[in-house]
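Student: Protein chains in written order, with this note's numbering: chain A, 4 to 260; chain B, 15 to 224.
Beta carbons are placed, not taken as given, at the ideal position from N, Cα and C, and that holds for glycine.
The structure displayed is predicted, hence computed values, not measured ones.
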Amino acid sequence: MKPLLVTIKQALATAPVIGKRKPVTVHYPYEKVTLPKAFRGQHEIDWYKCIGCELCAKVCPNECIYFEFVEVGADSPYLLPPRAMLDETKKLVRRPAVDIGHCLFCGNCSEYCPTDAWMFNQEYEHADYAREDLFYHAKELKKPDQSSDKKAVLFNRIGEEPIVEGDVCIGCKKCERECPTQCINMVDGPAERKGKPIVVPEFDYSKCIGCQQCVDTCPVDCLHMEEVDYTDMKGFYNINFADQVSLLEEDVKRRKY
Amino acid sequence: MADQANIFGLRSADFIEWVASNMEKPLRKGPGKRLLQMDLIQDFFNWAKRNSTWPLHFGIMCCAIEMAATSDPRYDAERFGIIYRSSPRQCDVLLLNGPISLKLRPAVRRLYEQMADPKWVIAMGECTICGGPYYDSYSIVKGAYTFVPVDIFIPGCPVRPEALIDGFLKLSEKIKHERRGWVKTKKGRVVSSREGELAEFEGAYTYEVH
Numbered sequence: 004m005k006p007l008l009v010t011i012k013q014a015l016a017t018a019p020v021i022g023k024r025k026p027v028t029v030h031y032p033y034e035k036v037t038l039p040k041a042f043r044g045q046h047e048i049d050w051y052k053c054i055g056c057e058l059c060a061k062v063c064p065n066e067c068i069y070f071e072f073v074e075v076g077a078d079s080p081y082l083l084p085p086r087a088m089l090d091e092t093k094k095l096v097r098r099p100a101v102d103i104g105h106c107l108f109c110g111n112c113s114e115y116c117p118t119d120a121w122m123f124n125q126e127y128e129h130a131d132y133a134r135e136d137l138f139y140h141a142k143e144l145k146k147p148d149q150s151s152d153k154k155a156v157l158f159n160r161i162g163e164e165p166i167v168e169g170d171v172c173i174g175c176k177k178c179e180r181e182c183p184t185q186c187i188n189m190v191d192g193p194a195e196r197k198g199k200p201i202v203v204p205e206f207d208y209s210k211c212i213g214c215q216q217c218v219d220t221c222p223v224d225c226l227h228m229e230e231v232d233y234t235d236m237k238g239f240y241n242i243n244f245a246d247q248v249s250l251l252e253e254d255v256k257r258r259k260y
Numbered sequence: 015m016a017d018q019a020n021i022f023g024l025r026s027a028d029f030i031e032w033v034a035s036n037m038e039k040p041l042r043k044g045p046g047k048r049l050l051q052m053d054l055i056q057d058f059f060n061w062a063k064r065n066s067t068w069p070l071h072f073g074i075m076c077c078a079i080e081m082a083a084t085s086d087p088r089y090d091a092e093r094f095g096i097i098y099r100s101s102p103r104q105c106d107v108l109l110l111n112g113p114i115s116l117k118l119r120p121a122v123r124r125l126y127e128q129m130a131d132p133k134w135v136i137a138m139g140e141c142t143i144c145g146g147p148y149y150d151s152y153s154i155v156k157g158a159y160t161f162v163p164v165d166i167f168i169p170g171c172p173v174r175p176e177a178l179i180d181g182f183l184k185l186s187e188k189i190k191h192e193r194r195g196w197v198k199t200k201k202g203r204v205v206s207s208r209e210g211e212l213a214e215f216e217g218a219y220t221y222e223v224h
């Protein structure tokens with residue numbers, strides 16, 4: 004008798020009028036599930052904040068981030084922070100493009116971004132008819148200018164800093180040119196050439212973001228990255244820690260069935 | 015004259031040949047020919063096709079969990095006629111979900127060939143689209159489109175259940191415009207809507223990143 008009563012109770016609980024429980028089905032194309040705040044959907048890049056340091060491409064486990072050169076006008080706001088990586092003409096900026104069909108959506112790019120330029124919005128309907136259309140160019144991933152708060156932050160999230168071997172350096176000044184934050188200052192080094200001392204880079208570690216551009220561009224491999232510090236996620240822009248975070252179990256308990 | 019073959023003992027290619035010669039040919043020759051060519055009848059079949067996209071219940075890796083979640087009561091996929099069948103003979107859609115290893119590739123190709131026409135292929139998740147995190151691996155095929163004609167690509171890792179439903183809805187959109195011949199992608203590019211082919215535009219069908 005008892006199992007029958009339990010069955011009847013369950014049946015009544017889910018009945019449309021008598022029961023208190025609402026139907027569980029989400030009518031998807033018409034109504035959508037509210038996703039968590041930190042859900043990672045489509046990538047979005049704030050062009051005001053991005054400095055083109057290519058750190059996201061370096062930390063990407065799938066190597067699906069490609070950097071594109073975008074030509075902008077001489078008075079473009081994207082050039083305005085003098086940290087924009089430029090050539091001599093000062094009209095090119097580097098901005099990331101993503102092959103969505105290859106992306107793991109792990110959020111490493113957003114986590115390590117020194118300027119909080121990477122965002123993920125809630126868009127997840129990426130389904131498409133052709134493979135080519137899953138490659139999103141830099142301009143297609145650009146965040147609308149109005150929604151940017153244009154607040155500049157620089158933060159070394161990777162916890163690594165470049166170290167120079169002074170006696171190997173040939174003083175070519177490539178790192179100084181490549182540095183997106185201009186934290187390199189060339190000073191006289193220990194080695195000499197034709198009676199004059201060779202310049203070696205000196206790093207201003209308060210400005211360094213650990214993007215490894217100098218290490219990549221160095222022709223004689225005299226630079227290497229060294230782990231200096233564990234950096235916590237304090238001040239991390241993309242996930243709002245000020246809000247109350249509740250576990251799933253607590254959330255389920257709070258619901259009234 | 016229909017020869018009384020032992021159709022249960024036939025191989026798949028012979029079976030298709032037998033069906034074509036003994037069932038389809040007389041149907042197209044007889045009075046049914048004009049009926050089949052009528053727009054209204056074709057539209058009716060099109061409507062039936064796009065509202066009963068039955069995928070093959072074939073889980074390869076973790077995206078199969080999302081495939082299961084799609085048919086649970088929360089995201090009730092049967093609302094759109096997405097009913098999982100266990101035999102390729104009963105299916106319209108080959109739903110690939112996961113990295114396809116070199117060892118699995120002939121099996122997947124065989125499943126595709128066992129399915130009755132019309133048939134479509136959905137590549138779900140990045141592993142199926144291009145190898146995903148195993149893109150460097152010696153044993154993983156770099157994309158399902160290299161050996162079966164994929165109609166819908168659903169990126170994501172894993173794909174959300176809603177995104178999978180969205181993929182199926184886009185597939186039915188493609189079937190709907192089959193007679194028109196073209197369909198627009200999310201970016202507004204025009205591609206072919208015929209099953210298993212893309213319109214000839216600049217660039218090859220296979221896509222290799224840089």
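1) Could you give the distance in angstroms between the alpha-carbon of A/Glu34 and the alpha-carbon of A/Thr28?
2) Strictly under 8 Å for the Cβ-Cβ distance: is A/Val171 near chain B by that measure?
3) Closer than 8 Å by beta-carbon distance: list the chain B residues that pair up with A/Pro32, in chain order.
4) Determine which residues of the region 127–144 of chain B have a Cβ less than 8 Å from any Cβ of chain A, and write them out in chain order.
5) Just the Cα atoms here: how many angstroms apart are A/Ile161 and A/Cys221?
6) Could you tell me whether the Cβ of A/His105 comes closer than 8 Å to any Cβ of chain B?
7) Considering only the alpha carbon of each residue, which of A/Pro39, A/Ala120 and A/Asp191 lies closest to A/Leu157?
8) Do A/Cys63 and A/Asn111 count as a contact pair if the criterion is CB distance below 8 Å?
9) Do A/Tyr127 and B/Gly146 have their C-beta atoms closer together than 8 Å?
10) Helix, strand or coil for A/Phe123 per DSSP?
11) Within the 8 Å Cβ cut-off, does A/Phe108 reach chain B?
12) Note down the Cα distance separating B/Arg103 from B/Ile30, rounded to an integer number of angstroms.
13) Between A/His47 and A/Lys199, how many whole angstroms is the CB-CB distance? I'm expecting something under 8 Å.
14) What does A/Pro64 reach in chain B if we use C-beta pairs closer than 9 Å?
15) Comparing the C-beta of B/Gly170 with each C-beta of chain A, is any distance below 8 Å?
16) Are three or more beta carbon pairs between the region 131–138 of chain B and the region 200–211 of chain B nearer than 8 Å?
17) Express the C-alpha separation of B/Asp180 and A/Asp136 in angstroms, rounding to a whole number.
18) Starting from the beta carbon of B/Tyr89, find every residue of chain A whose beta carbon is closer than 9 Å, and list them in chain order.
19) Once you ignore the five residues that flank A/Lys210 on each side, which residues in its own chain have a CB closer than 8 Å to its CB?
20) Using 8 Å as the Cβ pair cut-off and three pairs as the minimum, do the region 82–90 of chain B and the region 114–122 of chain B touch?
21) Mind listing the chain B neighbours of A/Asp136? Cutoff is C-beta to C-beta under 7 Å, in chain order.
22) A/Met122 CB to nearest chain B CB: under 8 Å?
23) For B/Val197, write down the residues that DSSP places opposite it in a beta bridge.
24) Find the nearest neighbour of A/Val73 within the set A/Glu181, A/Leu58 and A/Ala100, judged by alpha-carbon distance.
25) How would you list, in chain order, the residues of chain A whose beta-carbon sits under 8 Å from the beta-carbon of B/Arg174?
26) Taking CB distances under 8 Å as the criterion, tell me whether B/Ile166 reaches chain A.
27) Against chain B, does A/Ala87 count as a neighbour if the rule is that its beta carbon must be under 8 Å from one of theirs?
28) With distances taken from CA atoms, which of B/Met75, B/Tyr98, B/Met138 and B/Ser35 is nearest B/Val159?
29) Is B/Trp134 helix, strand or coil when you go by DSSP?
30) Give me the DSSP bridge partner(s) of A/Arg196.
31) Enumerate in chain order the residues of its own chain whose CB-to-CB distance from B/Leu125 is below 8 Å, with the five nearest sequence positions on each side excluded.
32) Under three-state DSSP, which class holds A/Ala141?
33) With a threshold of 16 other CB atoms inside 10 Å of the CB of A/Glu163, please say whether the residue is buried or exposed.
Tutor: Quick look at the numbers:
1) For the purposes of this step, residue 34 of chain A is taken as the residue at position 31 of the first sequence. For the purposes of this step, residue 28 of chain A is taken as the residue at position 25 of the first sequence. Taking the straight line joining both Cα atoms gives about 10 Å.
2) Mapped onto the first sequence, residue 171 of chain A falls at position 168. Not closer than 8 Å to any Cβ of chain B, the Cβ of A/Val171 fails to qualify, so no.
3) The sequence position of residue 32 of chain A within the first sequence is 29, counting from 1. What A/Pro32 touches in chain B: Ile179, Asp180 and Leu183.
4) Glu140, Ile143 and Cys144
5) Residue numbering aside, residue 161 of chain A sits at position 158 when the first sequence is read from its first letter. Residue numbering aside, residue 221 of chain A sits at position 218 when the first sequence is read from its first letter. So the two alpha carbons sit approximately 20 Å from each other.
6) For the purposes of this step, residue 105 of chain A is identified with residue 102 of the first sequence, where counting begins at 1. Yes, its Cβ sits closer than 8 Å to a Cβ of chain B.
7) Taking the first residue of the first sequence as 1, we reach residue 157 of chain A at position 154. A/Leu157 has its Cα closest to that of A/Ala120, out of A/Pro39, A/Ala120 and A/Asp191.
8) Within the first sequence, the letter at position 108 stands for residue 111 of chain A. Within the first sequence, the letter at position 60 stands for residue 63 of chain A. For A/Asn111 and A/Cys63, yes; Cβs fall inside 8 Å.
9) Start at 1 with the first residue of the first sequence, and residue 127 of chain A comes out as number 124. Start at 1 with the first residue of the second sequence, and residue 146 of chain B comes out as number 132. For A/Tyr127 and B/Gly146, no; Cβs fall outside 8 Å.
10) Looking up residue 123 of chain A in the first sequence gives position 120. Of the three classes helix, strand and coil, the one that applies to A/Phe123 here is strand, per DSSP.
11) One-based indexing of the first sequence puts residue 108 of chain A at position 105. Yes - at least one Cβ of chain B is within 8 Å of the one on A/Phe108.
12) Position 89 of the second sequence, counted from the first residue, corresponds to residue 103 of chain B. Position 16 of the second sequence, counted from the first residue, corresponds to residue 30 of chain B. Answer to the nearest angstrom: the Cα atoms are 12 Å apart.
13) Reading the first sequence from its first residue, position 44 is the one you call residue 47 of chain A. Reading the first sequence from its first residue, position 196 is the one you call residue 199 of chain A. According to the sequence provided, residue 47 of chain A is Glu. The question's His does not apply to it. Between A/Lys199 and A/Glu47 the Cβ distance is about 49 Å, and since that is not below 8 Å, they are no contact.
14) Against the first sequence, residue 64 of chain A aligns to sequence position 61. Simply Pro147.
15) One-based indexing of the second sequence puts residue 170 of chain B at position 156. It does; some Cβ of chain A falls within 8 Å.
16) yes
17) The sequence position of residue 136 of chain A within the first sequence is 133, counting from 1. The sequence position of residue 180 of chain B within the second sequence is 166, counting from 1. Approximately 16 Å, taken between the alpha carbons.
18) Locating residue 89 of chain B in the second sequence gives position 75, counting from the first residue. What B/Tyr89 touches in chain A: Thr28, Val29, Tyr31 and Val36.
19) Locating residue 210 of chain A in the first sequence gives position 207, counting from the first residue. Contacts found: Leu157, Thr184, Gln185 and Cys186.
20) no
21) Position 133 of the first sequence holds residue 136 of chain A. Going along chain B in sequence order, the residues near A/Asp136 (Cβ under 7 Å) are Thr199, Lys200, Lys201 and Arg203.
22) Counted from its first residue, the first sequence places residue 122 of chain A at position 119. So, not an interface residue.
23) As a position in the second sequence, residue 197 of chain B is number 183, starting the count at 1. B/Val205.
24) By one-based count along the first sequence, residue 73 of chain A stands at place 70. Taking only the C-alpha atoms, the option nearest A/Val73 is A/Ala100.
25) Here residue 174 of chain B is taken as the residue at index 160 of the second sequence, counted from 1. Result: Tyr127.
26) Translated into the one-based positions of the second sequence, residue 166 of chain B becomes position 152. Chain A contact via Cβ: present.
27) Here residue 87 of chain A corresponds to residue number 84 of the first sequence, with the count starting at 1. Low per-residue confidence applies at A/Ala87: pLDDT is 48, beneath 50, and the placement is therefore not dependable, though the value from the model is reported in the following sentence. So no, A/Ala87 is outside the interface.
28) As a first step, residue 159 of chain B must be located in the second sequence, where it is residue number 145. Reading the sequence as shown, one finds Tyr at residue 159 of chain B and not Val. Considering only alpha carbons, the answer is B/Met138.
29) In the second sequence, counting from the first residue as 1, residue 134 of chain B sits at position 120. Three-state DSSP puts B/Trp134 in a strand.
30) Locating residue 196 of chain A in the first sequence gives position 193, counting from the first residue. Its beta-bridge partners are A/Lys199.
31) Within the second sequence, the letter at position 111 stands for residue 125 of chain B. Counting only Cβ-Cβ distances below 8 Å, and skipping sequence neighbours, we find Leu70, Phe72, Pro102 and Leu108.
32) As a working mapping, residue 141 of chain A is identified with position 138 in the first sequence. The answer is coil: DSSP assigns A/Ala141 none of H, G, I, E or B.
33) For the purposes of this step, residue 163 of chain A is taken as residue 160 along the first sequence, with counting starting at 1. With 16 or more other Cβ atoms within 10 Å, it is buried.
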